[in-house]
Amino acid sequence: MKLTYWSHSCFLLETGKHRLVIDPFLTGNPKAPVKADDVKCDYVLVSHGHNDHIGDAVAIAKRTGATVIANYEIAMFCAGQGANVHPLHIGGSRQFPFGRVKLTLALHGSAYQTESGFIYMGNPCGFVITAENKTVYHAGDTGLFLDMQLIGQRQKIDVALLPIGDNFTMGVDDAVAAVEFVKPRIVVPMHYDTFDVIKSDPREFASKAAKTGARIEVLAVGQSLEV
Ligand code: NI
Ligand code: MN
Numbered sequence: 006m007k008l009t010y011w012s013h014s015c016f017l018l019e020t021g022k023h024r025l026v027i028d029p030f031l032t033g034n035p036k037a038p039v040k041a042d043d044v045k046c047d048y049v050l051v052s053h054g055h056n057d058h059i060g061d062a063v064a065i066a067k068r069t070g071a072t073v074i075a076n077y078e079i080a081m082f083c084a085g086q087g088a089n090v091h092p093l094h095i096g097g098s099r100q101f102p103f104g105r106v107k108l109t110l111a112l113h114g115s116a117y118q119t120e121s122g123f124i125y126m127g128n129p130c131g132f133v134i135t136a137e138n139k140t141v142y143h144a145g146d147t148g149l150f151l152d153m154q155l156i157g158q159r160q161k162i163d164v165a166l167l168p169i170g171d172n173f174t175m176g177v178d179d180a181v182a183a184v185e186f187v188k189p190r191i192v193v194p195m196h197y198d199t200f201d202v203i204k205s206d207p208r209e210f211a212s213k214a215a216k217t218g219a220r221i222e223v224l225a226v227g228q229s230l231e232v
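When you read off a place in the sequence shown, starting at 1, and then add 5, the result is the number in my numbering.
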């Protein structure tokens, strides 16, 4: 399995046969290395309704025929816009042609902002994705919570994608505690430096998290990691 960092919380996950894009915030993202119009994928996973996560999900899904996997509220919203969807909810999992997706808890908000006001998109979530015998935990936007221990206890996490930008999510020190809770083999920091308000130093995170024994991979935007 190959993971490519498309900045913010957006990753491309490629298996032998399928391409998944998680939280495709590309249009309006100053760090995005690709244009939404150029994305080819089979599935789009959306962790919550904030605009910097739902992003281009509907446009990509409609153009490519990709299926949106998200919580029930986001899935129904995307279906209403004409996308193929599969709704899940927290604690539930399902086998897809590429592998299994389970929705996890995330402590955050989930309102989608439109010109005519907010649309509430249910509870935010994270994802545990298992494909080709590898398991990836994408935490979504979240604060630190003790139940992250369960995520690591229920399945061995090969790669944890954790926000470190502070302000809206965990900062560096809480993300280090999250590594201790989840006990992943590899950690990739995300959700930092996209905007000034979430400026954070991934090198500081890497040096503080080194004591956990996990391998910390700070990916440059556009960089890939073979898992
Ligand atoms: Ni958010
Ligand atoms: Mn966010």
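Backbone N, C-alpha and C fix where the C-beta goes; we use that ideal spot for every residue, glycine too.
Expressed to the nearest angstrom, what Euclidean distance is found between the alpha-carbon atoms of residue i and residue j?
i, j, result
"serine 115", "glycine 60", "13 Å"
"tyrosine 15", "alanine 215", "Here the sequence assigns cysteine to residue 15, which means tyrosine is not the residue at that position. Using only the alpha carbons, I get a separation of about 24 Å."
"glycine 97", "leucine 108", "6 Å"
"histidine 91", "alanine 80", "6 Å"
"serine 121", "glutamine 228", "37 Å"
"methionine 126", "glycine 21", "32 Å"
Among the options, whose alpha-carbon lies nearest the alpha-carbon of residue i?
i, options, result
"leucine 31", "His13, Lys22, Leu18 and Arg24", "His13"
"leucine 112", "Thr174, Thr20 and Glu222", "Thr174"
"serine 212", "Gln118, Phe150, Val223 and Gly122", "Val223"
"valine 51", "Phe200, Ile95 and Ala75", "Ala75"
"asparagine 34", "Gln100, Gly122, Ala180 and Trp11", "Trp11"
"phenylalanine 150", "Val226, Lys139, Ala182 and Thr140", "Ala182"
"glutamate 78", "Ser205, Val49, Met6 and Ile124", "Ile124"
CB-CB under 8 Å to residue i, same chain, minus the five flanking residues each way: which ones, in chain order?
i, result
"arginine 220", "Arg190, Ile191 and Val192"
"asparagine 172", "Val202 and Ile203"
Would you kindly check if the distance between the Cβ of residue j and the Cβ of residue i is under 8 Å?
i, j, result
"proline 129", "histidine 23", "no"
"glutamate 209", "valine 177", "yes"
"cysteine 83", "valine 63", "yes"
"phenylalanine 186", "glutamine 154", "yes"
"glycine 148", "glycine 131", "no"
"leucine 17", "methionine 6", "no"
"isoleucine 162", "proline 207", "no"
"valine 226", "lysine 40", "no"
"leucine 93", "aspartate 152", "no"
"leucine 8", "valine 164", "yes"
Which residues in the same chain as residue i place their Cβ atom closer than 6 Å to its Cβ, once the five residues preceding and following it in sequence are excluded?
i, result
"leucine 166", "His143, Val193 and Met195"
"alanine 88", "Val63, Ala66, Lys67 and Val73"
"threonine 135", "Gly104 and Arg105"
"threonine 140", "Gln160, Ile162 and Asp163"
With a CB to CB cut of under 7 Å and the five nearest residues on each side skipped, what residues in its chain are close to residue i?
i, result
"glutamine 118", "Asn56"
Against chain D, does residue i count as a neighbour if the rule is that its beta carbon must be under 8 Å from one of theirs?
i, result
"glutamine 160", "Among the chains of the structure shown, chain D does not appear; only one protein chain is present."
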